[in-house]
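With the numbering used here applied, the sequence shown corresponds to residues 14 to 246, in that order. Where a beta carbon is used, it is the ideal one built from N, C-alpha and C, also for glycine. Owing to the predicted nature of the structure, the values given are computational and were not obtained by experimental measurement.
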Amino acid sequence: MISQMAMKNYLKDISKREYEIAIYNNAMKLNPMMEDYLQYRQFINLMDLEEYTNGFLRAKRATKKPLDEYYYLFYYEKLDYVVPVAFQSSIALITDFEGNIINDVYYLSHKYRIRDLHICVLPLKDETVIALFVEKNSKRYRKFYRQFNKLDRYKKLEAINYMIFSYSEDIYMSKSLNEEVINNPKLKEIAKMTIFLESSDPIQDALGIAQKEFSFDKMNSIPNILSEEYRLR
Numbered sequence: 014m015i016s017q018m019a020m021k022n023y024l025k026d027i028s029k030r031e032y033e034i035a036i037y038n039n040a041m042k043l044n045p046m047m048e049d050y051l052q053y054r055q056f057i058n059l060m061d062l063e064e065y066t067n068g069f070l071r072a073k074r075a076t077k078k079p080l081d082e083y084y085y086l087f088y089y090e091k092l093d094y095v096v097p098v099a100f101q102s103s104i105a106l107i108t109d110f111e112g113n114i115i116n117d118v119y120y121l122s123h124k125y126r127i128r129d130l131h132i133c134v135l136p137l138k139d140e141t142v143i144a145l146f147v148e149k150n151s152k153r154y155r156k157f158y159r160q161f162n163k164l165d166r167y168k169k170l171e172a173i174n175y176m177i178f179s180y181s182e183d184i185y186m187s188k189s190l191n192e193e194v195i196n197n198p199k200l201k202e203i204a205k206m207t208i209f210l211e212s213s214d215p216i217q218d219a220l221g222i223a224q225k226e227f228s229f230d231k232m233n234s235i236p237n238i239l240s241e242e243y244r245l246r
């Protein structure tokens, strides 16, 4: 089941990158003045595509092996209420709770492999299932999930809530969610965060900036939509 979830995550990522690659190919034809910039973006897209494809193939191989042989499920929770958001994707976490680097997302080399964290928030009829897992040999995440597992239940949900809004755009939100929450200025600010814009100036320390921007110190600054306070039922 876990490896199948990982396969779906990577298939979605592959589809998005292939679409973006096609867009940039057309953009380079239409905007020769921006060719250098577009080629740089395309290089990143192609590296991402390679990472996602390899991730998919690893997940596919894992479907033929025992559950605990390839992935480590370090958090699984059944909430006795239905949350107003749904999410299933992988993210490349930049730092842990103490600010230690997990992924240097600006290190553009085929020799450096980005390590993914898979997050699933699945609202069902009367409950919500939440799962977090990584590849079992992902040593970079060991400090993170040990820190995470020391948090109380509310703080864990708060951290997951922060990660899905700050690192991804693939969030499905219920129309029943309070407008005041949806229009929360800080939530909008966090949801607009992007790792690429921080790296646009090669003179700046892009990783250092991202380390501060994506700090878990900000996780209590936005509404914790996974908490019981915002339950649908």
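Under the assumption that Tyr23 contacts Phe69 (Cβ atoms under 8 Å), give the Cβ distance between them as a whole number of angstroms. For the purposes of this step, residue 23 is taken as residue 10 along the sequence shown, with counting starting at 1. For the purposes of this step, residue 69 is taken as residue 56 along the sequence shown, with counting starting at 1. Confirmed, Cβ separation roughly 4 Å.
Simplified DSSP assignment, three categories, for Tyr94: For the purposes of this step, residue 94 is taken as the residue at position 81 of the sequence shown. Of the three classes helix, strand and coil, the one that applies to Tyr94 here is coil, per DSSP.
Presumed contact (8 Å Cβ cut-off) between Ile203 and Ile235, rounded CB distance: On the sequence shown, position 190 is the one that residue 203 refers to. On the sequence shown, position 222 is the one that residue 235 refers to. Rounded, the Cβ-Cβ distance is 5 Å, consistent with contact.
For the candidate residues Leu170, Lys168 and Ser102, whose alpha-carbon lies nearest to that of Val8? No information on residue 8 is available, as it lies outside the stretch 14 to 246 that the chain covers here.
What are the boundary residues of the alpha helix (DSSP H) that Val118 is part of? Residue 118 sits at position 105 when you count from the first residue of the sequence shown. Neither: Val118 is in no alpha helix (DSSP H) and is coded neither H nor E.
By Cβ distance, which residues of its chain are closer than 8 Å to Arg246, with the 5 residues on each side in sequence left out? The residue you call residue 246 lines up with position 233 of the sequence shown. For Arg246, where only same-chain residues beyond five positions count, the Cβ hits under 8 Å are Tyr94, Val95 and Asp139.
With a Cβ-Cβ cutoff of 8 Å, do Gln55 and Ile34 count as a contact? For the purposes of this step, residue 55 is identified with residue 42 of the sequence shown, where counting begins at 1. For the purposes of this step, residue 34 is identified with residue 21 of the sequence shown, where counting begins at 1. Yes, the Cβ-Cβ distance between Gln55 and Ile34 is below 8 Å.
Give the DSSP-derived three-state secondary structure of Phe178 in the structure shown. Here residue 178 refers to the residue found at position 165 when the sequence shown is read from its first residue. Here Phe178 sits in helix by DSSP.
Does the Cβ-Cβ distance between Ile115 and Arg126 come in under 8 Å? For this step, residue 115 is matched to residue 102 along the sequence shown. For this step, residue 126 is matched to residue 113 along the sequence shown. Contact: no.
Spell out the partners DSSP gives Ile27 in its beta bridges. Here residue 27 refers to the residue found at position 14 of the sequence shown. DSSP lists no partner for Ile27.
What span of residues does the beta strand (DSSP E) with Leu130 cover, start to end? Counting from 1 along the sequence shown, the entry for residue 130 is found at position 117. Looking at the DSSP string, the run of the beta strand (DSSP E) that includes Leu130 is Leu130 to Pro136.
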